[in-house]
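Working notes for the structure below.
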Amino acid sequence: METVTGYVTGINGNLANVSFNGSVHKNEVGYILVDGKRLKGEVIRINNGVASMQIYEMSNGIKVGDPVEFTGD
């Protein structure tokens, strides 16, 4: 299975909007890569190639342009 990647396009508290190319599904797990850490989140909504992710860890430090990896899980 090919890893789908994207990047953060917006952040508001613990909700991140992520632009991606490929196949991403609701409830899929994704990781935002911030300063050498992987912050875990879940896709809660998808709209026109943008996934809204609920981040389950401290979201401090996330910024527009940070890379995202989706797991397919």
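With the first letter of the sequence shown counted as 1, position 44 gets the number 82 in the numbering used here; the numbers rise by one all the way through.
Where a beta carbon is used, it is the ideal one built from N, C-alpha and C, also for glycine.
Given the structure is predicted, the values throughout are model-derived calculations rather than measurements.
Going by alpha carbons, who is nearest to ASN55 out of THR109, GLY110, GLY103?
GLY103
Name the one or two DSSP bridge partners that VAL81 has.
MET91
Around the C-beta of MET61, are 16 or more other C-beta atoms found within 10 angstroms, so that it is buried, or is it exposed?
Just to set this straight, residue 61 is Ser in the shown sequence, not Met. Burial call: exposed.
Hey, GLN92 and ILE82: beta-carbon distance below 8 Å or not?
yes
Taking the CB atoms as reference points, tell me whether GLU80 and ASN98 lie closer together than 8 Å.
no
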